[in-house]
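*Asks:* In our numbering, the protein residues as written are 455 to 879.
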Ligand code: BGC
């Protein structure tokens with residue numbers, strides 16, 4: 455984009471009225487989900503087994519995912535809801551554990567199911583963004599040592615090759631992995647999720663494996679369909695020191711380094727776009743036992759106990775400008791069962807996204823997490839991120855007030871003066 459275009463807010467849709475935030479004409483509006491969290495019955499996955507063994511117990515997930523949102527059956531009506539929101543894109547994941555439940559045996563019925571899912575998205579005029587690995591693994595991969603085992607890269611590539619060849623003509627946007635640094639910190643640094651390790655060395659090994667898997671998967675996909683756009687979803691938050699004195703600033707700068715664009719640096723040259731997942735700011739303090747840091751949230755908090763910090767997305771986007779790649783916000787959302795804070799959350803973050811676009815940062819789309827309430831990993835069904843509320847007994851979906859607000863924004867491709875005045879002043 456030329457400087458004159460940046461200077462001319464009309465081109466970017468800025469207009470004269472600074473309370474009216476217009477987005478570029480080709481902006482993508484969507485929501486995001488992941489297979490294990492919505493489909494149900496992911497019986498061949500490592501998460502499913504962990505849930506059967508440990509749900510409700512100390513150190514285990516709160517719930518079993520069971521049928522989750524029954525999205526496996528209800529996908530078409532859910533995509534109809536996304537279309538009602540005025541969306542033109544949708545982010546979802548394919549489930550490796552369903553596609554390859556046994557080593558080397560691909561389940562054609564499952565692939566055929568995903569063909570129908572993609573056809574349904576297209577029927578509803580939603581551009582699919584498909585993630586190939588969103589936290590879960592086939593059980594047989596976990597039994598071979600999961601991502602600690604270098605061989606997993608090879609198995610992942612075989613799966614990637616199979617799936618991307620099968621869908622080469624149907625999908626333009628591929629995301630290899632979701633938030634590798636978050637997965638590593640949950641499983642190998644903080645030890646909350648299986649395999650419950652607290653080892654900096656193991657964590658580095660796994661990160662290296664994910665980076666190698668991404669680079670190789672990028673090449674594999676581009677060889678199969680050279681026009682497709684390939685990236686991964688990267689979580690970046692802001693780390694601030696808990697105390698301004700002592701060792702905390704040093705610890706915070708290390709976690710900032712690792713949780714900011716570190717993974718982008720080690721995979722540089724192997725992405726056609728950046729998928730940014732942004733949620734919050736954390737305060738980091740030193741502690742004497744591994745992983746030698748603790749995370750504290752302050753300020754206005756969500757139901758997850760996370761700080762609402764829209765300023766952070768501006769900082770993160772400015773930091774990503776140097777990559778000179780299109781950026782999609784592939785996740786941004788809030789757990790808020792009362793829906794009291796969600797409208798502000800969405801509008802305040804979108805205002806920052808809009809500002810970033812005015813600064814010439816190439817943000818091309820925004821996917822709210824999530825379309826529907828779903829299975830929030832170790833928190834089970836207790837945390838509600840959805841624009842649509844789900845009654846998990848009946849599977850009935852009901853739009854929250856925030857869904858109507860997001861619909862207005864997506865449909866008009868702008869945040870109206872009325873909304874900015876109501877929520878931002
Ligand atoms: C993950 C989602 C998760 C969301 C909210 C992201 O880190 O990709 O799977 O549900 O955060 O915790």
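A virtual CB, placed ideally from N, CA and C, is assigned to each residue, including glycine.
1) Starting from the Cα of residue 548, find the closest Cα among 541, 702, 560 and give me that residue.
2) Looking only at DSSP bridge pairs, what is residue 442 linked to?
3) For ligand 1, I want to know if residue 644 counts as a neighbour, meaning its beta carbon is within less than 6 Å of at least one of the ligand's heavy atoms.
4) Starting from residue 874, trace the alpha helix (DSSP H) in both directions and tell me its first and last residue.
5) Can you have a look at residue 704 and say buried or exposed, based on whether 16 or more other CB atoms are within 10 angstroms of its CB?
6) Is residue 691 near ligand 1, in the sense that its beta carbon is under 6 Å from a heavy atom of that ligand?
7) Please report the distance separating the alpha-carbon of residue 458 from that of residue 647.
8) Can you grab the Cα-Cα spacing for the pair residue 500 / residue 763, in whole Å?
9) Going by C-alpha to C-alpha distance, which of 850, 829, 638 sits closest to residue 656?
10) Buried or exposed: residue 629, going by 16 or more other Cβ atoms within 10 Å of its Cβ?
11) Apart from the five residues just before and just after residue 791, which ones in its own chain have a Cβ nearer than 7 Å to its Cβ?
12) Quick one: what does DSSP say residue 753 is sitting in, helix, strand or coil?
13) Quick one: Cα of residue 727 to Cα of residue 784, how far?
14) Helix, strand or coil, according to DSSP, for residue 555 in the structure here?
15) With contact counted as at least three CB pairs below 8 Å, one residue from each stretch, are the segment 835–851 and the segment 519–533 in contact?
16) Bridge partners for residue 632 per DSSP, in chain order?
17) So, at 7 Å on beta carbons, what are the nonlocal neighbours of residue 530 in its own chain, with the 5 sequence-adjacent residues on each side left out?
18) Of the choices 742, 697, 776, whose alpha-carbon is the least far from that of residue 715?
19) Out of 587, 662, 685, which has the shortest C-alpha to C-alpha gap to residue 673?
20) Reducing DSSP to helix, strand and coil, say where residue 512 ends up.
21) Have a look at residue 852 and residue 708 and give me their C-alpha separation to the nearest angstrom.
22) Measure the beta-carbon distance from residue 717 to residue 635 and round it to whole angstroms, keeping in mind my assumption that it falls under 8 Å.
23) Rounded to whole angstroms, what's the CA-CA distance from residue 555 to residue 512? Just pull it up for me.
24) If I'm right that residue 747 touches residue 786 with Cβ under 8 Å, what's the distance once you round it to whole angstroms?
25) Tell me the rounded alpha-carbon separation between residue 466 and residue 815.
26) Compute every distance between the C-beta of residue 488 and the non-hydrogen atoms of ligand 1, then say whether any falls below 6 Å.
27) Using CA coordinates, which residue listed in 551, 680, 606, 598 is at the minimum distance from residue 622?
28) With a threshold of 6 Å, establish whether the CB of residue 638 neighbours any heavy atom of ligand 1.
29) Does any residue of chain C bring its CB to less than 7 Å from the CB of residue 703?
30) Tell me the DSSP bridge mates of residue 585?
31) What are the start and end residues of the beta strand (DSSP E) that includes residue 433?
32) Pick helix, strand or coil for residue 826, following the three-state DSSP scheme.
33) Within its chain, find whatever has a CB closer than 7 Å to the CB of residue 642; leave out the 5 residues flanking it on each side and keep chain order.
34) Taking DSSP as the reference, what is the three-state secondary structure of residue 747?
35) Report back the beta-carbon spacing between residue 817 and residue 878 to the nearest angstrom; my notes put them in contact at under 8 Å.
36) In angstroms with no decimal places, state the Cα-to-Cα distance between residue 617 and residue 625.
*Replies:* Once the coordinates are examined:
1) Nearest C-alpha to residue 548 among 541, 702, 560: 560.
2) Limits of the chain in this structure are 455 at one end and 879 at the other, which puts residue 442 out of reach.
3) no
4) Per DSSP, the continuous alpha helix (DSSP H) segment holding residue 874 begins and ends at 871–878.
5) With fewer than 16 other CB atoms across the displayed protein chains lying within 10 angstroms of its CB, residue 704 is exposed.
6) no
7) With a pLDDT of 34 at residue 458, under the threshold of 50, the modelled position of this residue cannot be trusted; read the value that follows with caution. Taking the straight line from one Cα to the other gives about 50 Å.
8) It is roughly 33 Å from the alpha-carbon of residue 500 to the alpha-carbon of residue 763.
9) 638
10) So residue 629 ends up on the buried side.
11) 757, 838
12) coil
13) 11 Å
14) coil
15) yes
16) 687
17) 574
18) 776
19) 685
20) Here residue 512 sits in coil by DSSP.
21) Going by the C-alpha atoms only, they are around 43 Å apart.
22) 5 Å
23) 29 Å
24) Rounded, the Cβ-Cβ distance is 24 Å, inconsistent with contact.
25) Low local confidence applies: a pLDDT of 47 at residue 466 is under 50, so the model's placement there is unreliable, with the coordinate-based value given in what follows. Those two C-alpha atoms are separated by around 11 Å.
26) yes
27) 680
28) Because no heavy atom of ligand 1 lies under 6 Å away, the Cβ of residue 638 does not count as near it: no.
29) Chain labels in this structure do not include chain C; a single protein chain is all it has.
30) 547, 629
31) Shown here, the chain extends from 455 to 879; a query on residue 433 therefore has no answer.
32) strand
33) 651, 653, 656, 657, 660
34) strand
35) About 19 Å separates the beta carbon of residue 817 from that of residue 878, a gap too long to meet the 8 Å contact definition.
36) 11 Å
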